[in-house]
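Engineer:
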Amino acid sequence: MRSKSISRQTAETKINLDFAIDGSGTTTIKTGVGFLDHMLTLFTNHGRFDLTVDCDGDIEVDQHHSVEDIGIVLGQAFYESIGTKEGIERYATVSTPMDEALSTVSIDISGRPFFVYNVEGLKDKVGEFDTELVEEFFQAFTSHAKVTLHINLQYGKNSHHIIESIFKGFGRALRVASAINPDVKGVPSTKGML
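Just so we're on the same page, our numbering is the position in the sequence shown counted from 1, plus 3.
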């Protein structure tokens, strides 16, 4: 089973995270940021990963440190879980509708962190959640998972629906890209390594 447990403590956050690629969608998520809990539950369910997150962060300051640091730790856990990358699909592109919103997430498990985020029109907040932190979360994940990630919003009006579409699509795309394909021999790269 491709999985990893990571603990990370800074002056701003204390995070314990368990992640399994080959899971069933089991979650225990307590980030201190309710909207992020909801989004990570969607990510896990639609990606069929297993994820446990316990974060004690300085949310009395704001949510930024907790959201970004969880992205860092989840990225690290994914990178260490994926292992040698032998036999994986490597690429995936998934479009996900959520009512009036439609987003597309494309992933390359490339070993090269690169992030593209084209999402316009979000309100500043969904409830108490700062929507600019969506980009921060995915930038942190991308840098530490060492993947190429493109997130593009085709259209949408409701900020909750837009972000939900993105997190569901992220889970679905990551699942497809990390899946083992018996027809893939070795590492899926002409270089022989990723």
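We treat Cβ as the ideally placed atom computed from N, Cα and C, and that holds for glycine. A quick note: this is a predicted structure, and the numbers were derived from the prediction, not measured.
Which first and last residues belong to the alpha helix (DSSP H) in which L197 is found?
Structural biologist: By 1-based counting over the sequence shown, the position of residue 197 is 194. First-last for L197: undefined, no H or E at that position.
Engineer: Report the three-state DSSP secondary structure of K171 (helix, strand or coil).
Structural biologist: Taking the sequence shown and counting its residues from 1, the one referred to as residue 171 is at position 168. Helix.
Engineer: What are the complete alpha helix (DSSP H) segments, minimum 4 residues, inside the segment 78–161?
Structural biologist: The qualifying runs are 135–148.
Engineer: Output the boundary residues of the beta strand (DSSP E) element that contains T47.
Structural biologist: In the sequence shown, the residue the question calls residue 47 occupies position 44. Segment G37 to G50 is the alpha helix (DSSP H) holding T47; no beta strand (DSSP E) there.
Engineer: What do you reckon, are the CB atoms on S10 and V36 nearer than 8 Å?
Structural biologist: Within the sequence shown, the letter at position 7 stands for residue 10. Within the sequence shown, the letter at position 33 stands for residue 36. In this structure, V36 does not lie closer than 8 Å to S10 by Cβ.
Engineer: Assuming L54 and I18 form a contact by the criterion Cβ under 8 Å, report the distance between their Cβ atoms to the nearest whole angstrom.
Structural biologist: Reading the sequence shown from its first residue, position 51 is the one you call residue 54. Reading the sequence shown from its first residue, position 15 is the one you call residue 18. Not a contact, Cβ separation roughly 12 Å.
Engineer: Please tell me whether Q142 and F118 are closer than 8 Å, where the distance is taken between their beta carbons.
Structural biologist: The residue given as residue 142 occupies position 139 in the sequence shown. The residue given as residue 118 occupies position 115 in the sequence shown. Yes, Cβ-Cβ distance for Q142 and F118 is below 8 Å.
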